[in-house]
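Q:
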Amino acid sequence: MSKLMIVLVVLLSLAVSGLFLVKHKNASLRASLDRANNVASGQQTTITMLKNQLHVALTRADKNELAQVALRQELENAAKREAQREKTITRLLNENEDFRRWYGAGLPDAVRRLHQRPACTDASDCPQRRLARKWAFARCRAVTRRRTAI
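In this note's numbering, each residue carries its 1-based index in the sequence shown increased by 6.
#1: Measuring only the C-alpha atoms, how far is Ala-37 from His-30?
#2: Taking just the CA atoms, how far does Arg-118 sit from Arg-78?
#3: So Leu-120 and Tyr-109 are in contact, right, with Cβ under 8 Å, and what is the actual spacing, rounded?
#4: If you reduce the DSSP assignment to three classes, tell me which class Ala-21 lands in.
#5: Terminal residues of the continuous alpha helix (DSSP H) containing Ala-116?
#6: Could you name each continuous alpha helix (DSSP H) segment of 4 residues or more that falls completely within the region 19-79, going from the start of the chain to the end?
#7: In angstroms with no decimal places, state the Cα-to-Cα distance between Ala-21 and Leu-35.
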C-alpha cells in the first residue's frame, strides 16, 4: 500500500470518528433541548396558573372593597337612624308625662327572664328553654300591647 492510501485511510477513519462524535454530541444537545423545553413549558403553566390566581385575588379584593364601602354606608345610616331615635325619645320624654312614666317603669318579670340564659346541662334542656323563651316573648308582647293601649 502506498503512503497515499494510508493517509486516505487515516483521514477516512478520522472523518468517521468525527462523524460519530458529532452525532453523539447532537443527540446529547437534543436531549438537553427537550429537557429545557419541558422545564419552560412547566414554568409557562405555572406562570399562567399564578396569573389566574392573581386575577381571582384582585377580583375578590375589589368585591370585598365594594362590600366594605356598602357596609360602612349602612353603618353610617344606622348611626343616623339611632341618633334620630334618641332625639325622638328624648323629645317625647320631655313632652309626655305618661311616656316618661312608662319609660322609667321596670320591665316585667317575663321580659327580664328573656335576658337570663341558663346554660344547657345537656341537649334535652335546650328545647324546654326555647319553649320558655317563646312563652315569655308572647307574654312580653301582650304586656307591651296593654301599655301602648294606655
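Here a beta-carbon is modelled for each residue, glycine too, at the ideal position from N, C-alpha and C.
Please read all numbers here as calculations on a predicted model, not as lab measurements.
A: On the basis of the coordinates in this document:
#1: Ala-37 and His-30: Cα-Cα distance of roughly 11 Å.
#2: If I take the Cα positions, the gap works out to 33 Å.
#3: Going by Cβ atoms, the distance from Leu-120 to Tyr-109 rounds to 18 Å, so no, they are not a contact pair.
#4: Residue state, collapsed to three classes: helix.
#5: According to the DSSP assignment, Ala-116 belongs to the alpha helix (DSSP H) that extends over 115-120.
#6: Scanning the region 19-79 from its first residue to its last, no whole alpha helix (DSSP H) run of 4-plus residues comes out.
#7: Taking the straight line joining both Cα atoms gives about 21 Å.
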